[in-house]
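Residue numbering for the sequence shown follows our numbering, starting at 1 and increasing by one per position. To start, the structure under review is shown below, and the notes come after it.
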Amino acid sequence: MKKLYFSTFVEGLEKPIEAMLHKEGGVAVERVLSGAALYRSVREPALPYVHQTFQVLFQMKPMANVNDAVRRLLATGGWLDRFPYEETQGKKFRIVTAQDDHLVSANMRYVDMLESAICEHTGMHTYRERPEVELWVLCRPEASYFLWRLGKRSPKQEGQLRSDVCAVSAFLAHCGAKNAAILACTGSALPAAVKASGVRALTCVCPDRATARLIESKVSGTRAYEGSSGYTDLADSSQSAVLMYLPVKVEKTERLESDLRNALFEARRVLEPEGRIVVIAALAHAESTLRKTQGVRVLGRYPLTLSGQKSAIWVMETTPVNDEA
């Protein structure tokens, strides 16, 4: 029997996420929402392009706040029939309450009552500091949910592009089992995602030797070297995709714009016909340069927020320099 799952992802990536879910074997997509998706599967699939995944215990109509949602759960026992008793027996749990994308506090009297009901019927016991199971009461515009998952989410990657954003970027690059390059590569997250997408050969051009060594040690089968993104050793028309990530927290300078422009010109040279260019950057850093650079045309633009900055993933193709279309 297929279970109902709820996964969250970076808001703005709904279209590529839906396409990726439809490619998953054994997954039946029910609904793609703003920053989340509901789908059915016999077992929880490993989806590198989502942020958090839960199993749905109970769906309710939209509630004004988490207190109303908790009271609704206390008033009905329907969720008890769907509780995963075998997986949770004897485990420590905590209840998390959230409104949209934010954790919020709930009336502790209601939370205590819900905890008591769960302990009585499931054999679990509360341990809020280090839980083995998390039960989420989540209120969103389209519905309110009672969700559960084992363990806690993986720690945030500091100083790197998020792994789920990297996985979506690799999908948008349409590398296939061909060659791909990452210019101005400063971390291992994006190379790991591109390599996992099935590329035959991946080349990373890094700003320094230490980064190149780090990437080669962390991402097996990747060639990484120190060099300029505007002048690489790659052959003409040899790459099926070229990707770039401009760290969103760096200061915008004329040098940054010049480096991006030169990297785009180099991408045009090394890209094969029908190849893709994917740029991940803050709007303030890249939008003007991408619009003004000749020889590239935007196929898709996916707005998102990275490290609190308005950003986007741009997917582009090359065009003749005199093409005004």
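For every residue, glycine included, the Cβ atom is placed at its ideal position computed from N, Cα and C.
Residues bridged to Thr-222 [DSSP beta-bridge criterion]: Mapped onto the sequence shown, residue 222 falls at position 222. Answer by DSSP bridge pairing, in chain order: Leu-202.
Chain-order list of residues whose beta-carbon lies under 6 Å from that of Arg-223 (same chain, five-residue window excluded): Position 223 of the sequence shown holds residue 223. Here the set comprises Thr-203.
Of the listed residues Val-296, Ala-281, Leu-38, Val-279, nearest to Pro-273 (C-alpha basis): Sequence index remark: in the sequence shown, residue 273 carries index 273 (1-based). Closest by alpha carbon: Val-296.
The region 160 to 176 contacting the region 189 to 209, beta-carbon criterion three pairs below 8 Å: yes
Whole-angstrom distance between Val-29 and Gly-230, CA atom to CA atom: Locating residue 230 in the sequence shown gives position 230, counting from the first residue. Locating residue 29 in the sequence shown gives position 29, counting from the first residue. Their Cα atoms are separated by approximately 42 Å.
From Arg-130, Val-50, Ala-312, residue whose alpha carbon lies closest to that of Val-279: Numbered from 1 along the sequence shown, position 279 holds the residue referred to as residue 279. Minimum Cα distance to Val-279 is reached at Ala-312.
At least three beta-carbon pairs within less than 8 Å, the region 200 to 215 to the region 54 to 66: no
Per-residue burial, Met-108 [other beta carbons within 10 Å of its own, 16 or more giving buried]: Within the sequence shown, numbered from 1, the residue matching residue 108 stands at position 108. Counting Cβ neighbours within 10 Å, Met-108 comes out exposed, since fewer than 16 surround it.
The alpha helix (DSSP H) enclosing Met-113, as first and last residue numbers: Residue mapping note: residue 113 aligns to position 113 of the sequence shown, counting from 1. 108 to 122 is the span of the alpha helix (DSSP H), which, as asked, contains Met-113.
Supposed contact pair Arg-149 and Thr-126 - C-beta distance, whole angstroms, cut 8 Å: The count along the sequence shown starts at 1 and reaches residue 126 at position 126. The count along the sequence shown starts at 1 and reaches residue 149 at position 149. With 8 Å as the limit, Thr-126 and Arg-149 do not qualify as a contact, their Cβ atoms being about 16 Å apart.
Cys-350 burial status per 10 Å Cβ neighbour count (16 or more: buried): There is simply no residue 350 to check, as the chain begins at 1 and stops at 325 in what is shown.
Among Val-96, Tyr-39, Leu-13, the one whose alpha carbon lies nearest that of Val-111: The residue you call residue 111 lines up with position 111 of the sequence shown. Nearest option by C-alpha distance: Val-96.
Distance between beta carbons of Phe-171 and Tyr-49, contact taken as under 8 Å: The residue you call residue 49 lines up with position 49 of the sequence shown. The residue you call residue 171 lines up with position 171 of the sequence shown. Right, their Cβ atoms sit about 7 Å apart.
With 16 other Cβ atoms within 10 Å as the buried cut-off, status of Gly-397: With the chain covering 1 to 325 only, the question about residue 397 has no answer from this structure.
Beta-carbon proximity list for Ala-282, same chain, < 6 Å, skipping 5 on both sides: For the purposes of this step, residue 282 is taken as the residue at position 282 of the sequence shown. So the list reads Val-248, Gln-309, Ser-311, once near-sequence residues are dropped.
Buried or exposed by the 16-neighbour rule on C-beta atoms within 10 Å, applied to His-121: Looking up residue 121 in the sequence shown gives position 121. The residue in question, His-121, is exposed, as its Cβ has fewer than 16 Cβ neighbours within 10 Å.
Three-state class that DSSP yields for Phe-9 in the structure shown: Here residue 9 is taken as the residue at index 9 of the sequence shown, counted from 1. Phe-9: coil per DSSP, three-state reduction.
Asp-259 burial status per 10 Å Cβ neighbour count (16 or more: buried): Reading the sequence shown from its first residue, position 259 is the one you call residue 259. Buried.
Contact under 8 Å by Cβ, Phe-9 with Leu-73: Against the sequence shown, residue 9 aligns to sequence position 9. Against the sequence shown, residue 73 aligns to sequence position 73. Against a cut-off of 8 Å, the Cβ pair of Leu-73 and Phe-9 comes out as no contact.
Burial state of Ala-210, where buried means 16 or more other Cβ atoms lie within 10 Å: Here the question's residue 210 lines up with position 210 in the sequence shown. Exposed is the call here.
Beta carbon of Ala-180 nearer than 8 Å to that of Gln-239: Locating residue 180 in the sequence shown gives position 180, where the first residue counts as 1. Locating residue 239 in the sequence shown gives position 239, where the first residue counts as 1. Cβ atoms of Ala-180 and Gln-239: closer than 8 Å.
Same chain, Cβ closer than 6 Å to Arg-40, five either side skipped, listed in chain order: Taking the sequence shown and counting its residues from 1, one reaches residue 40 at position 40. Counting only Cβ-Cβ distances below 6 Å, and skipping sequence neighbours, we find Lys-2, Leu-4, Ala-28.
Residues sharing a beta bridge with Glu-334, DSSP: Lying outside 1 to 325, the shown extent of the chain, residue 334 is not represented and no answer is given.
Between the CA atoms of Thr-318 and Val-270 - distance to the nearest angstrom: Position 270 of the sequence shown, counted from the start, is the residue given in the question as residue 270. Position 318 of the sequence shown, counted from the start, is the residue given in the question as residue 318. Rounded to the nearest angstrom, the two C-alpha atoms are 11 Å apart.
Contacting residues, own chain, Cβ-Cβ under 6 Å from Ala-325 (five flanking each side not counted): Counting from 1 along the sequence shown, the entry for residue 325 is found at position 325. Below a pLDDT of 50, predicted positions are generally treated as unreliable, and Ala-325, at 45, falls in that range; the measurement from the model is reported next regardless. Result list for Ala-325: empty, nothing under 6 Å.
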